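In this note's numbering, the protein residues as written are 146 to 465. Even glycine gets a Cβ: it sits at the ideal position worked out from N, Cα and C. No experiment lies behind these values; they were computed from the predicted model shown. See below for the structure under consideration.
Okay, structure coming up:
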């Protein structure tokens with residue numbers, strides 16, 4: 146039970162946020178199943194002390210705006226929660242930060258969230274390109290990070306990180322399995338240079354590709370902020386990769402590969418791409434993948450059904 150006091154104790158606020166937000170995945174957003182779950186009816190307005198939380202992720206890069214399902218999921222949850230009485234009567238206030246996939250920008254942004262915005266937790270973010278830079282800071286400040294983007298060891302070694310999803314190891318296996326099920330036998334893997342976790346994951350991609358009967362014919366590292374991926378596209382094409390896991394700026398990568406007449410299967414990790422992204426790059430309609438946020442797909446689970454209803458109401462591009 147959360148006490149409704151003028152000054153909500155920090156510990157109680159954290160418990161409230163953790164319990165209420167565990168259903169929010171990194172990108173719980175794509176489904177072919179229509180749903181009307183999540184009533185638009187409102188409850189009594191929340192009047193308690195606001196719970197201030199923060200979110201950080203890559204909303205823009207050097208090449209432009211990046212569609213972000215994690216941002217839209219948490220935004221939907223905050224709006225829905227506040228329209229239905231808040232958390233135990235306390236409204237949720239959220240501050241957003243764009244790390245621009247730049248570790249230095251990410252560290253400054255997290256410091257701003259904590260020191261200037263006064264957030265009590267960072268929730269629902271997907272800041273894989275920057276989180277290893279600011280992880281020591283939130284540990285020192287004792288600010289909890291609650292999420293499902295378990296892409297590196299930080300989630301299992303930093304006591305202020307609270308994962309709400311399965312591990313990246315299981316997710317990589319699922320990605321490779323999805324490509325194999327689609328009939329592919331040769332795969333290319335292009336991971337980011339911004340996070341050490343990307344290079345550390347290279348052996349996992351190779352081993353899991355082999356485990357499901359595929360061969361990794363191309364592996365590379367590239368920046369999420371590159372203006373062009375033409376070289377990587379041509380290398381993957383020449384290597385004979387029928388499917389590509391490209392965890393960089395996927396829209397730009399697909400654009401450049403298409404210009405080279407290369408249209409492989411694309412492998413996704415987090416329920417993407419969205420309908421709006423496919424409209425930008427129709428080749429992304431040829432996508433397979435998996436997600437560590439698997440509970441979000443099961444709409445028989447009440448919280449997942451409610452979240453899909455909130456997405457449909459506030460960010461409908463994620464629900465078709």
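Would you give the residue range spanned by the beta strand (DSSP E) that residue 333 belongs to? Taking the first residue of the chain shown as 1, we reach residue 333 at position 188. First-last of the beta strand (DSSP E) with residue 333: 331 to 337.
Does the Cβ of residue 432 have 16 or more other Cβ atoms within 10 Å, making it buried, or fewer, making it exposed? Along the chain shown, one-based indexing puts residue 432 at 287. That one is buried.
Run through the region 198 to 269 for me and flag every whole beta strand (DSSP E) of 3 or more residues, listed as ranges in chain order. Here the runs fully enclosed are 237 to 243, 266 to 268.
Report the partner residues of residue 411 according to the DSSP bridge assignment. In the chain shown, residue 411 corresponds to position 266, counting from 1. Answer is 389, 432, bridged to residue 411.
Contact defined as beta carbons within less than 8 Å: I believe residue 251 pairs with residue 201. What is the distance between those atoms, to the nearest angstrom? Residue mapping note: residue 251 aligns to position 106 of the chain shown, counting from 1. Residue mapping note: residue 201 aligns to position 56 of the chain shown, counting from 1. Going by Cβ atoms, the distance from residue 251 to residue 201 rounds to 7 Å, so yes, they are a contact pair.
Could you have a look at residue 275 and say whether DSSP puts it in helix, strand or coil? Against the chain shown, residue 275 aligns to sequence position 130. Residue 275: coil per DSSP, three-state reduction.
Would you mind reading off the limits of the beta strand (DSSP E) that contains residue 290? Residue numbering aside, residue 290 sits at position 145 when the chain shown is read from its first letter. Segment 290 to 292, the beta strand (DSSP E) holding residue 290.
For residue 422, collect the residues of the same chain with a Cβ closer than 7 Å to its Cβ; drop the 5 residues on either side in sequence, then sort them by chain order. Walking along the chain shown from the start, residue 422 turns up at place 277. Counting only Cβ-Cβ distances below 7 Å, and skipping sequence neighbours, we find 212, 396, 429.
Give the DSSP-derived three-state secondary structure of residue 283 in the structure shown. Your numbering for residue 283 matches position 138 in the chain shown. Here residue 283 sits in helix by DSSP.
Report the residue from 355, 359, 353, 404 whose alpha carbon sits nearest the alpha carbon of residue 377. As a first step, residue 377 must be located in the chain shown, where it is residue number 232. Measuring from the Cα of residue 377, the nearest candidate turns out to be 404.
If you run the structure through DSSP and keep just helix, strand and coil, what is residue 446? Reading the chain shown from its first residue, position 301 is the one you call residue 446. Coil, per DSSP.
So, at 7 Å on beta carbons, what are the nonlocal neighbours of residue 223 in its own chain, with the 5 sequence-adjacent residues on each side left out? Sequence index remark: in the chain shown, residue 223 carries index 78 (1-based). In chain order, 237, 239 place their CB closer than 7 Å to the CB of residue 223, counting only its own chain and leaving out the 5 sequence neighbours on each side.
Looking at the structure shown, is residue 396 part of a helix, part of a strand, or coil, going by DSSP? Position 251 of the chain shown, counted from the start, is the residue given in the question as residue 396. Residue 396 falls in the helix class under three-state DSSP.
CB contact flag (residue 332, residue 342, <8 Å): On the chain shown, position 187 is the one that residue 332 refers to. On the chain shown, position 197 is the one that residue 342 refers to. No. Outside cutoff.
In this structure, how does DSSP classify residue 427 when only helix, strand and coil are distinguished? Position 282 of the chain shown holds residue 427. Three-state DSSP puts residue 427 in a helix.
Would you mind reading off the limits of the alpha helix (DSSP H) that contains residue 375? For the purposes of this step, residue 375 is taken as the residue at position 230 of the chain shown. Here the alpha helix (DSSP H) through residue 375 covers 375 to 384.
Check for me: the beta strand (DSSP E) holding residue 308 runs from which residue to which? Residue mapping note: residue 308 aligns to position 163 of the chain shown, counting from 1. For residue 308, the enclosing beta strand (DSSP E) covers residues 306 to 308.
Using CA atoms only, rank isn't needed, just tell me which of 327, 285, 349 is closest to residue 297. Along the chain shown, read from residue 1 onward, the residue named residue 297 stands at position 152. Its Cα nearest to that of residue 297, the residue 349 stands out among 327, 285, 349.
Per DSSP, which residues does residue 360 bridge with? Please list them. Sequence index remark: in the chain shown, residue 360 carries index 215 (1-based). For residue 360, the pairing in a beta bridge is given by DSSP as 331.
Would you report the Cα separation of residue 277 and residue 357, rounded to the nearest angstrom? Numbered from 1 along the chain shown, position 132 holds the residue referred to as residue 277. Numbered from 1 along the chain shown, position 212 holds the residue referred to as residue 357. So the alpha carbons of these two residues sit roughly 31 Å apart.
Neighbourhood of residue 168 by C-beta distance below 7 Å, restricted to the same chain and skipping five residues each side: Position 23 of the chain shown, counted from the start, is the residue given in the question as residue 168. Unreliable placement is indicated for residue 168, whose pLDDT of 41 sits below 50; the coordinate value is still reported in the next sentence. For residue 168, where only same-chain residues beyond five positions count, the Cβ hits under 7 Å are 448, 449, 452.
Out of curiosity, what's the CA-to-CA distance linking residue 219 and residue 455? Residue numbering aside, residue 219 sits at position 74 when the chain shown is read from its first letter. Residue numbering aside, residue 455 sits at position 310 when the chain shown is read from its first letter. Each residue's alpha carbon lies about 10 Å from the other.
For residue 196, write down the residues that DSSP places opposite it in a beta bridge. For the purposes of this step, residue 196 is taken as residue 51 along the chain shown, with counting starting at 1. Paired residues: 237.
Please classify residue 326 as buried or exposed, where buried requires at least 16 neighbouring CB atoms within 10 angstroms. Taking the chain shown and counting its residues from 1, one reaches residue 326 at position 181. Exposed: under 16 other Cβ atoms inside 10 Å.
Secondary structure at residue 315, three-state DSSP: helix, strand or coil? One-based indexing of the chain shown puts residue 315 at position 170. For residue 315, the three-state secondary structure derived from DSSP is helix.
Alpha carbon to alpha carbon, what distance is there between residue 457 and residue 335? For the purposes of this step, residue 335 is taken as residue 190 along the chain shown, with counting starting at 1. For the purposes of this step, residue 457 is taken as residue 312 along the chain shown, with counting starting at 1. Here the alpha carbon of residue 335 sits roughly 32 Å from the alpha carbon of residue 457.
If the criterion is Cβ atoms closer than 8 Å, does the pair residue 203 and residue 257 meet it? Sequence index remark: in the chain shown, residue 203 carries index 58 (1-based). Sequence index remark: in the chain shown, residue 257 carries index 112 (1-based). No, the pair does not count as a contact, with Cβ atoms beyond the cut-off.
First and last residue of the uninterrupted alpha helix (DSSP H) at residue 370: Residue 370 sits at position 225 when you count from the first residue of the chain shown. Note, residue 370: premise wrong, no alpha helix (DSSP H); not H, not E.
Helix, strand or coil: which one does DSSP assign to residue 454? On the chain shown, position 309 is the one that residue 454 refers to. Of the three classes helix, strand and coil, the one that applies to residue 454 here is helix, per DSSP.
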